[in-house]
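Structure record follows, encoded as C-alpha cells.
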Amino acid sequence: MNEDLISKKELLEISGISYGQLYRWKRKDLIPEDWFIRKSTFTGQETFFPKSRILERIERIQTMKESLSLDELADMFAPGSGKLLNKEEIIRRGVASEYTVQFYLEHTGFKDNSFQFNSMLVLYILEKLLKSGDISLEEGKMVLHLLHDKYESSDENKELSLLVIRKFGISSCLLVSNTEDIYFENDTKIISAIDFSKCSEELKIKWV
C-alpha cells in the first residue's frame, strides 16, 4: 500500500502558497515534521510530502484560518485533547449516534460518565464504519476490541491508520503506524482505511 508523494515545488505551484507560508505553518505545528520527506534525486536532495494528506491539510488551513488563529489551528491538528464529553454531549454534537454509543458501552464495559479524547475518537471511527455499511456488526466488534485494547489507553502520538481487510469472506483489521509499505496476499481486499489524524481533526471541529 504505497502513498503518492508530491515534490515541494509541485506543492507550492498547485496550492498557491509561498515557501515562507509552508515553513511558517511547519514551525507552528500545522504541518507535521515527518511529512517533510527528504529524498535523493538526480539534481540532489529534494523535499517531498504525502500528496493527499498535505493537499487536504493545506486546503483545511486556508479554509479555517480566517475564523481561527494559527495557534487555535495548531491545537485542532495536534493529537489528542484534554476536553471531556459525556454520553449526551457526544450524541448531541454528532460525534456518534445513540446506537453506536450503546454498542461501545455493551462491548467494552465502559462505566465512566465522561469520555476522554481517545475514547471519543474510537466512537467517531466506529460510527463512520457502521454508518457507511462497509462492515458488519461482527466486524464492528472486532474493530472495537482492537482499538479499545491497543489504542484507547495509549499515550503515544503516532500517526495511525486502521485497515479493515477481507479475503474469501474472512475479515481482519490492523492498526498500523506507517501505511507506505504494506503488502497483502492476492485476493485480499481493503474494505476500509481510516486515517486517525484526519478523523481527529474532524472530531475537534465539532467543538471548535
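Under my numbering, the first residue of the sequence shown carries the number 7, and numbering increases by one thereafter. For every residue, glycine included, the Cβ atom is placed at its ideal position computed from N, Cα and C. Keep in mind it's a predicted model, so treat the numbers as computed, not measured.
_Chain-order list of residues whose beta-carbon lies under 8 Å from that of R133 (same chain, five-residue window excluded)_ = In the sequence shown, residue 133 corresponds to position 127, counting from 1. Note on identity: in this sequence residue 133 is Glu, with Arg being the wrong assignment. If we look at E133 and ignore the five residues flanking it on each side, its Cβ neighbours are V101, A102, S103, T106.
*Quick one: what's got a C-beta closer than 8 Å to E207's C-beta in the same chain, skipping five residues either side?*
Walking along the sequence shown from the start, residue 207 turns up at place 201. Closer than 8 Å at Cβ, skipping near neighbours: R66, M82, F83.
*Is it the case that the Cβ atoms of I141 and V182 are separated by a distance below 8 Å?*
Residue 141 sits at position 135 when you count from the first residue of the sequence shown. Residue 182 sits at position 176 when you count from the first residue of the sequence shown. No, the pair does not count as a contact, with Cβ atoms beyond the cut-off.
*Which first and last residues belong to the beta strand (DSSP E) in which F55 is found?*
On the sequence shown, residue 55 is found 49 positions in, with the first residue counted as 1. Run containing F55: 50-56, per the beta strand (DSSP E) assignment.
*For the alpha helix (DSSP H) that contains I97, what are its first and last residues?*
Looking up residue 97 in the sequence shown gives position 91. Note, I97: alpha helix (DSSP H), 93-98.
*Just tell me which of K147, K93, N124, L28 has its CA closest to the CA of K117.*
As a position in the sequence shown, residue 117 is number 111, starting the count at 1. Comparing Cα positions, the closest option is K93.
*asked:* Taking the alpha-carbon of T3 as reference, which of E39, A80, K173, L152 has the nearest alpha-carbon?
replied: The displayed coordinates of the chain run from 7 to 214. Any statement about residue 3 would go beyond what the structure contains.
*Are L150 and Y110 touching if we call contact CB-CB under 8 Å?*
Locating residue 150 in the sequence shown gives position 144, counting from the first residue. Locating residue 110 in the sequence shown gives position 104, counting from the first residue. Yes, these two residues count as a Cβ contact at 8 Å.
*Using the C-alpha atoms, what's the distance from F121 back to F55?*
Start at 1 with the first residue of the sequence shown, and residue 55 comes out as number 49. Start at 1 with the first residue of the sequence shown, and residue 121 comes out as number 115. For F55 and F121, the distance between alpha carbons rounds to 34 Å.
*If you compare alpha carbons, which of K156, S178, M126, M148 is closest to C205?*
The residue you call residue 205 lines up with position 199 of the sequence shown. The shortest C-alpha separation from C205 is found at M126.
*F48: buried (16+ other C-beta within 10 angstroms of its C-beta) or exposed?*
As a position in the sequence shown, residue 48 is number 42, starting the count at 1. When all chains shown are included, F48 counts as exposed.
*Going along the chain, which residues of its own chain have a beta-carbon closer than 6 Å to the beta-carbon of S73, five neighbours each way excluded?*
Translated into positions along the sequence shown, residue 73 becomes position 67. Taken in chain order, the list of residues that qualify is empty.
*If you follow the beta strand (DSSP E) that K15 is part of, which residue opens it and which one closes it?*
As a first step, residue 15 is located in the sequence shown; it is residue number 9 there, counting from the start. From DSSP, K15 is part of no beta strand (DSSP E) but of the alpha helix (DSSP H) over 14-21.
*For A102, name the three-state secondary structure that DSSP assigns.*
Here residue 102 is taken as the residue at index 96 of the sequence shown, counted from 1. Of the three classes helix, strand and coil, the one that applies to A102 here is coil, per DSSP.
*Which of the three DSSP states, helix, strand or coil, is assigned to A199?*
Indexing the sequence shown from 1 puts residue 199 at position 193. Reduced to three states, the DSSP call for A199 is strand.
*Quick one: is L17 buried, meaning 16 or more other Cβ sit within 10 Å of its Cβ, or exposed?*
Here residue 17 is taken as the residue at index 11 of the sequence shown, counted from 1. Its Cβ being crowded by 16 or more others within 10 Å, L17 is buried.
*What span of residues does the alpha helix (DSSP H) with L79 cover, start to end?*
The sequence position of residue 79 within the sequence shown is 73, counting from 1. 76-83 is the span of the alpha helix (DSSP H), which, as asked, contains L79.
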